[in-house]
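Just so you know, the protein sequences line up as chains A and B, in that order. Quick note on the working numbering: the first sequence kicks off at 42 and runs consecutively. Quick note on the working numbering: the second sequence kicks off at 42 and runs consecutively. Glycine included, each C-beta is placed from N, C-alpha and C at the ideal position.
Protein chains: 2
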Amino acid sequence: MRIGFIGLGTMGLPMAQHLMRAGHSLGAYARRAEALAPLTATGATAFATPGELAAASDVVITMVTATPDVDQVLFASRGVMTGAHRGLLVIDMSTIAPPAAIAFAARLRDAGVAMLDAPVSGGPAGARDAKLTIMAGGSADAFERARPLFESLGTNIFHVGDNGAGQITKACHQLLLLVTAEGVAEALSLAGAAGVDPGLVRQVMMTGIASSRVLDLFGGRMAARQFEPGISVRLYRKDLQIVRDLATSAGVSTPAGEGVAANVQKLVSEGLEREDLAALIKVLEQTATGYRLPTSGD
Amino acid sequence: MRIGFIGLGTMGLPMAQHLMRAGHSLGAYARRAEALAPLTATGATAFATPGELAAASDVVITMVTATPDVDQVLFASRGVMTGAHRGLLVIDMSTIAPPAAIAFAARLRDAGVAMLDAPVSGGPAGARDAKLTIMAGGSADAFERARPLFESLGTNIFHVGDNGAGQITKACHQLLLLVTAEGVAEALSLAGAAGVDPGLVRQVMMTGIASSRVLDLFGGRMAARQFEPGISVRLYRKDLQIVRDLATSAGVSTPAGEGVAANVQKLVSEGLEREDLAALIKVLEQTATGYRLPTSGD
């Protein structure tokens, strides 16, 4: 299959490479031409515009940062839309606002082009190891065409509904991820302030009902005081805005989601938006007065 | 070893039975004599008061509901304290307030009796299968004496610090468990209100970074609408009060913890305190207006 790939960042590059290894003919477009080098070195074709890439592809995959980036790549002058042709399938694997995903799909449909929203979970490690979770929204026909590609990228492939359902599922996932991370930050800062080693408390909790991948991953970074850029606060802030807009539209109250949003906002205000999400614990520690555990002699 | 067991509820009874199977001589006390029947039928000795039980035991284990229950069993007239003798070890495996655990240990120490606070995680299934997590606070000497007993009850045994540290660790664990449950309730109610099947979204999230034991257990009950008594809201409400008091003492802000506390309080106000914690999702659904996912034809 001729695949056109747009968005060769930490996630996109290893994904594109997996598709090449699976035997597909890969074309690519990047705003920064040097981003194409690792792909063209192994036989991929560079294109000058998303439109030219689309014209020469059966499937275009976009893996960019945010809603405006997808909008531009698809609909700006020389965008994917200018290369629309019958049979083209566009798969957006970025995390964007569900209403935008629905609107983009409708515009492409008017040009005879099918679209899937297919955001992922698993992070850079999941992309590198082809172990992503992929949650796709769109027609069953489009999903079946995309399935072999998804199977080269991930181990858990889901068709969750019509256009937009993939992004709604991702929003729910990010809400849970962020609230869990906030819970880990609150629990470990409480442990530390109460005089019990947070690393040990994390180890105990990993064996209890409170255990989670977030406790393992972000709790590990909090306990080790590792705040250097990993999966940065900045990206989660974007996701939280998507969650809040969706919750407002649906009339769902998300008090714990609001709690973590307030703490993420504090991190941004303090210039820590490029740190890892584990930095959530710093916000909580700022107010802690400490609690001296009475000792045997008291 | 001669073990005296007090508190033969859903957790305590299978724990006492595991200790008998491990070859220990078991005595027991219960306010309701009929609670003793399953144990005396297999050779345990019934005692009329906690004091008489303590006088005849090397180790007394208490597994009751809350701080006042432990206070009464230990220090009321005919309580464990009246049977205090050199070499007696008291292990409280209930979940109670850390300052109370510290105070109780100090009173027993004055009578020459060692104490451990050793609350657990794992619920009724963990107690039944002897797979509990046990987090113990107290002297290293007391912990080493208790270790063989703990190994008959659980698979993850931790000595986390001095008296009170076990209860502090449990409070952190319950905070994380409850915040995670709130996150699951928020994510699944958002999915439902936005028109994507909550059961499917849970299945997707179980494969992503947001996955957790809470999503598996309570998320499964939420998706299946199973709210009959399991681990009831009432017990978690008690634990939340312990968490809030500790957080206040330590000056740690727990915004997500406050969010779930408010929702638990709503469940109690609505008379749902005997339902399973999965009922958290009902509070959130009350305000949801629903969000109609635009369809292909829109």
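If you drop the 5 nearest sequence neighbours on each side, which residues of the same chain put their C-beta closer than 6 Å to that of Thr196 of chain B? Lys172
Could you check whether the Cβ of Val105 of chain B sits closer than 8 Å to any Cβ belonging to chain A? no
Using DSSP with H/G/I as helix, E/B as strand and the rest coil, what is Asn197 of chain B? strand
Enclosing alpha helix (DSSP H) for Arg243 of chain B [first to last residue]: 239 to 246
By how many angstroms is the C-alpha of Val121 of chain A removed from the C-alpha of Phe88 of chain A? 12 Å
Would Ser135 of chain B pass as an interface residue toward chain A - the criterion being a Cβ-Cβ separation below 8 Å? no
Does the CB of Gly249 of chain A have a neighbour CB from chain B at under 8 Å? Put simply, the CB of Gly249 of chain A is near chain B, with a gap under 8 Å to one of its CB atoms.
Is the region 265 to 275 of chain A in contact with the region 296 to 303 of chain B, if contact means three or more CB pairs nearer than 8 Å? As far as the Cβ criterion goes, the region 265 to 275 of chain A does not touch the region 296 to 303 of chain B, which means the pair count is below three.
If you compare alpha carbons, which of B:Ala212, B:Asp182, B:Leu325 is closest to Asp203 of chain B? B:Asp182
Taking Cβ-Cβ distances shorter than 9 Å, what residues in chain B pair up with Gln254 of chain A? Correcting the residue identity first, residue 254 of chain A is Arg in this sequence and not Gln. Within chain B, the residues near Arg254 of chain A are Gly249, Ile250, Ala251, Ser252, Ser253.
Could you pull out every residue in the same chain whose Cβ sits closer than 7 Å to the Cβ of Thr201 of chain B, ignoring the five residues on either side in sequence? Note that residue 201 of chain B is Val in the sequence shown here, rather than Thr. For Val201 of chain B, where only same-chain residues beyond five positions count, the Cβ hits under 7 Å are Met176, Ala177, Gly178, Gly207, Thr210.
Just the chain E side, please: which residues come within less than 9 Å of Ala183 of chain B by C-beta, in chain order? This model lacks chain E altogether; the protein chains it does include are A and B.
DSSP beta-bridge partners for Ile250 of chain A? Looking at the DSSP assignment, Ile250 of chain A forms no beta bridge with any residue, so it has no partner.
Going by other Cβ atoms of all chains shown within 10 Å of its Cβ, with 16 needed for buried, is Ser310 of chain A buried or exposed? Ser310 of chain A should be labelled exposed.
List the residues of chain B whose Cβ lies closer than 9 Å to the Cβ of Ser66 of chain A, in chain order. Near Ser66 of chain A there are no residues of chain B at all, since even the closest Cβ is about 30 Å away, more than 9 Å.
Within 10 angstroms of its Cβ, does Ser118 of chain A collect 16 or more other Cβ (buried), or is it exposed? exposed
How do the region 279 to 296 of chain B and the region 132 to 140 of chain B stand: do at least 3 beta-carbon pairs fall below 8 Å, yes or no? yes
Which first and last residues belong to the beta strand (DSSP E) in which Met42 of chain B is found? First-last for Met42 of chain B: undefined, no H or E at that position.
For the beta strand (DSSP E) that contains Thr136 of chain B, what are its first and last residues? Segment: none, Thr136 of chain B is in no beta strand (DSSP E) and carries neither H nor E.
Near Gly92 of chain B, which residues of its chain fall below 7 Å by C-beta distance, leaving aside the five closest residues on each side in sequence? Arg119, Gly120, Val121, Thr123, Gly124
Which whole-angstrom value describes the C-beta separation of Ala142 of chain A and Ser180 of chain A, a residue pair presumed to lie in contact below a C-beta threshold of 8 Å? 14 Å between Cβ atoms; not a contact.
Tell me, please, whether the CB atom of Thr174 of chain A is closer than 8 Å to any CB atom in chain B? yes
Applying a beta-carbon distance threshold of less than 9 Å, which residues of chain B neighbour Gly340 of chain A? Because chain A here runs from 42 to 339, residue 340 of chain A falls outside it and cannot be looked at.
Report back the beta-carbon spacing between Gly249 of chain B and Thr248 of chain A to the nearest angstrom; my notes put them in contact at under 8 Å. Actually they are not in contact, since the Cβ atoms of Gly249 of chain B and Thr248 of chain A sit about 22 Å apart, beyond 8 Å.
Going by C-alpha distance, which of B:Leu241, B:Tyr277, B:Ser252 is nearest Ala265 of chain B? B:Leu241
Can you name, in chain order, every residue of its own chain whose Cβ lies under 6 Å from the Cβ of Thr90 of chain A, other than the five neighbours on each side? Arg119
Looking only at its own chain, which residues have a Cβ that is under 6 Å from the Cβ of Leu49 of chain B, when we skip the five neighbours before and after it? Beyond the five residues adjoining it in sequence on each side, Leu49 of chain B comes within less than 6 Å, by CB distance, of Ala71, Ala76 in the same chain, given in chain order.
Considering Leu231 of chain B, what are the terminal residues of the alpha helix (DSSP H) in which it resides? 206 to 234
Closer than 8 Å by C-beta to Asp112 of chain A: which residues in its own chain qualify, once you throw out the five before and the five after it? Chain order, please. Ala141, Phe145
Just checking my contact of Val255 of chain B with Leu218 of chain B at CB under 8 Å: how many whole Å lie between their CB atoms? 6 Å
Using a C-beta cutoff of 8 Å, does Ile209 of chain A count as contacting chain B? The Cβ of Ile209 of chain A sits closer than 8 Å to at least one Cβ of chain B.
At what residues does the beta strand (DSSP E) containing Leu67 of chain B begin and finish? 66 to 70
Once DSSP output is grouped into helix, strand and coil, what is the label at Ala166 of chain B? helix
Evaluate His126 of chain A with the Cβ neighbour count: other Cβ atoms within 10 Å of its Cβ, from every protein chain shown; 16 or more gives buried, anything less gives exposed. exposed
Endpoints, alpha helix (DSSP H) assigned at Leu157 of chain A: Element bounds for Leu157 of chain A: not the alpha helix (DSSP H) but the beta strand (DSSP E), 155 to 158.
Best match in B:Ser193, B:Tyr277, B:Gln244, B:Met246 for proximity to Ile44 of chain B [C-alpha to C-alpha]: B:Ser193
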